[in-house]
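Undergrad: Below: one structure in structure tokens.
There are 2 protein chains.
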Amino acid sequence: MDSNILKNINLFSDLSDDELKKVFSKCSVRKFSKGEMIFFDTEPYIGFYMIVEGSVKIFKILKDGKEHILHFVTPFNTFAEVPLFEQYEKIKNEEFTYPANSMAIEDDTVLILIRSSVFYSLIENNSKLCIKMISGLAKKLRLMNKHIESISLDVPKRLAKYLLEQFNSDTETGKKYIELPISKHDLSSYLGTIDETLSRTFKKFQDEGIIKVSGKKIYITDKKVLQKFASV
Amino acid sequence: MDSNILKNINLFSDLSDDELKKVFSKCSVRKFSKGEMIFFDTEPYIGFYMIVEGSVKIFKILKDGKEHILHFVTPFNTFAEVPLFEQYEKIKNEEFTYPANSMAIEDDTVLILIRSSVFYSLIENNSKLCIKMISGLAKKLRLMNKHIESISLDVPKRLAKYLLEQFNSDTETGKKYIELPISKHDLSSYLGTIDETLSRTFKKFQDEGIIKVSGKKIYITDKKVLQKFASV
DNA sequence: TCCTTAAATTGACTATAGTCAAACTGTAAT
DNA sequence: ATTACAGTTTGACTATAGTCAATTTAAGGA
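The structure is reproduced here in structure tokens:
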């Protein structure tokens, strides 16, 4: 594995080969297996991560032991960049912790760690990189806005929205089904509900002839009605 | 009103006097009265706003007419910067709309509009400004994370958290009460509930001797118990 | 001050989704 | 094939918060 993998990361796509090599020489690459923790919200912040392969969930654990999933992150995206530019001094002094927990949810999840200090020196006089960074954060904000919006809806609406998003983001044309990229348990947590309620909602949709569930494959049999459910 | 007011805006605090004058000459300053709309989520995006005086709410309207408040914005902060660096081409062609609605919630709310093009040219070779921008977005992301986390809690927890945040952010020391900066109706919408439930929750806290409500003044009589309520 | 309107509160009821416990299914390992 | 286990589903019950309607309180204008 060499510095070329960094080219795939959106954030770094404008860097020169020299810069890429320089950055790469200071990065750590690590492979995680399914269920392995990447960081806890109790440990000191040292930098952000990029996903090369696999996927990752970012979550909080509530006092009753329940987890609440904030994001899923997929290849070529970054996570845990939020604290980077906050509390500059505190990060330097290792007084700052990660804002949430993070776990690999697939085997062979390959991550690259960019330490804060490396990124600081890189970004200092590179306004193109800055602007990439801004775009990335803006995109996250947009997603979170959507997430907040949908949380105030009822569970069927939330599920319908999620299914349609997956369906529409699937690039393959003509496909009549989606493959859930995450476990149903993680999906309930992401949708802000519990396994039982999610299960019942799937059943409800199935009974109404809108979808057909077969494991992680969800056949969309009546997109129109699903859209009607999802419409706020 | 001259270009010096821009100095108060966090984002611009590092600009030179010359730069400030240049920016200011291209800005529009407008005063809004309470309840006046600033933009709708249907109109083309032209730029972001800064608050000099007053305050603003950012919200979505659901199909049943209910509004869901995403943020409150207070003086010296910016809002609606999210689309700035997304869809660069689309913004130029005015194909992009504001992502939510925005309304002044106080009389004499003074706003400055920075058009996208002005900001593009300003940020191009100013990495200090870029970094400020990044910090601002990062801060918003952090707040939204908190917001998402709290929405999954029950209403008493959400209210307790909100009251404590207000209480702790109040700089005046020794103050035993907080003054709600927004209407109770807006508060319910922000907390993701409705007026009746908020009212009952205030009453519950009052009956338990934790707070004393008198209009917008909320006396915190038992901070410890309130904290216990808020603890996730 | 009264009058009008908006904001806030209360009660009775309903619906939605969470809890708990049990049963079932599918998959992977022996 | 058998076992073991995690993941999923189902049922009965409960709790939380939303709905609707009515009332009370507060606030702003004439």
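Chains as they are written, first to last, in the working numbering: chain A, 1 to 232; chain B, 1001 to 1232.
Every residue, glycine too, gets a C-beta built ideally from N, C-alpha and C.
#1: Using 8 Å as the cut-off, can you tell me whether the region 195-212 of chain A makes contact with the region 120-139 of chain A, which would need three or more C-beta pairs spanning the two stretches below that distance?
#2: What span of residues does the alpha helix (DSSP H) with Asn145(A) cover, start to end?
#3: What does a CB cutoff of less than 8 Å around Lys1076(B) pick up in its chain, not counting 5 residues either side in sequence?
#4: Straight-line CA distance for Glu1124(B) to Ser127(A)?
#5: Going along chain A in order, which residues have a C-beta closer than 8 Å to the C-beta of Lys1007(B)?
#6: Return no unless some Cβ of chain B is closer than 7 Å to the Cβ of Ser183(A).
#7: Shorter than 6 Å, the distance from the beta carbon of Asn4(A) to the closest heavy atom of the ligand NAD, or not?
#8: As a quick exercise: from Leu122(A), Leu180(A) and Leu62(A), pick the residue whose alpha carbon is nearest that of Lys22(A).
#9: Taking Cβ-Cβ distances below 8 Å as the criterion, which residues of the region 1102-1133 of chain B are in contact with chain A?
#10: Lys239(A) by DSSP, collapsed to three states: which one?
#11: Is Ala1138(B) close to chain A? Criterion is C-beta to C-beta, closer than 7 Å.
#12: Quick check on Lys1060(B) - is its C-beta less than 7 Å from some C-beta in chain A?
#13: How many Å lie between Tyr1190(B) and Leu1070(B) at the Cα?
#14: So does the region 1180-1196 of chain B actually touch the region 92-102 of chain A, counting three or more Cβ pairs closer than 8 Å?
#15: Quick one: list the residues of chain A neighbouring Arg1142(B), beta-carbon separation under 9 Å, in chain order.
#16: Let me check one thing: in DSSP terms, what residues is Pro1075(B) bridge-paired to?
#17: Taking Cβ positions, are Phe1096(B) and Tyr1045(B) nearer each other than 7 Å?
#18: Check whether the Cβ of Ser1169(B) lies closer than 7 Å to any Cβ atom in chain A.
#19: Tell me where the beta strand (DSSP E) around Ser1169(B) begins and ends.
TA: Looking at the atomic coordinates:
#1: Taking 8 Å as the limit for Cβ pairs, the verdict is that the region 120-139 of chain A does not touch the region 195-212 of chain A.
#2: On the first sequence, position 145 is the one that residue 145(A) refers to. First-last of the alpha helix (DSSP H) with Asn145(A): Ser127 to Ile151.
#3: Residue mapping note: residue 1076(B) aligns to position 76 of the second sequence, counting from 1. Note that residue 1076(B) is Phe in the sequence shown here, rather than Lys. Same-chain partners within the cutoff: Asn1008, Ile1009, Asn1010, Met1050, Ile1051 and Val1052.
#4: What you label residue 1124(B) is simply residue 124 of the second sequence in a count that begins at 1. What you label residue 127(A) is simply residue 127 of the first sequence in a count that begins at 1. Approximately 7 Å, taken between the alpha carbons.
#5: Reading the second sequence from its first residue, position 7 is the one you call residue 1007(B). Below the 8 Å Cβ cutoff, chain A contributes no neighbours of Lys1007(B), its closest Cβ being approximately 21 Å away.
#6: Start at 1 with the first residue of the first sequence, and residue 183(A) comes out as number 183. Taking Cβ atoms only, chain B never reaches closer than 7 Å to Ser183(A), which makes this a no.
#7: Only the bare structure without any ligand can be found here, which leaves the ligand NAD out of the picture.
#8: Stepping through the first sequence from its first residue, residue 22(A) is reached at position 22. Looking from the CA of Lys22(A), the closest CA among Leu122(A), Leu180(A) and Leu62(A) belongs to Leu122(A).
#9: From the region 1102-1133 of chain B, only Ile1123, Glu1124, Asn1125, Asn1126, Ser1127, Cys1130, Ile1131 and Met1133 have a Cβ closer than 8 Å to chain A.
#10: One cannot answer for residue 239(A) here, as it falls past the ends of chain A, which runs 1 to 232.
#11: Here the question's residue 1138(B) lines up with position 138 in the second sequence. With 7 Å as the cut-off, Ala1138(B) counts as an interface residue toward chain A.
#12: Within the second sequence, residue 1060(B) is the residue found at index 60, counting from 1. At a cut-off of 7 Å between C-beta atoms, Lys1060(B) counts as an interface residue with respect to chain A.
#13: Taking the first residue of the second sequence as position 1, residue 1190(B) is located at position 190. Taking the first residue of the second sequence as position 1, residue 1070(B) is located at position 70. Straight-line Cα distance between these residues: approximately 7 Å.
#14: Verdict: no, contact absent.
#15: One-based indexing of the second sequence puts residue 1142(B) at position 142. The answer, in chain order, is Val82, Pro83, Glu86 and Pro99.
#16: Within the second sequence, numbered from 1, the residue matching residue 1075(B) stands at position 75. DSSP lists no partner for Pro1075(B).
#17: Position 96 of the second sequence, counting from 1, holds the residue named residue 1096(B). Position 45 of the second sequence, counting from 1, holds the residue named residue 1045(B). The criterion of a C-beta distance shorter than 7 Å is satisfied by Phe1096(B) and Tyr1045(B).
#18: Numbered from 1 along the second sequence, position 169 holds the residue referred to as residue 1169(B). Not a single CB atom of chain A sits nearer than 7 Å to the CB of Ser1169(B).
#19: Taking the first residue of the second sequence as 1, we reach residue 1169(B) at position 169. Run containing Ser1169(B): none in the beta strand (DSSP E); it sits in the alpha helix (DSSP H), Val1155 to Ser1169.
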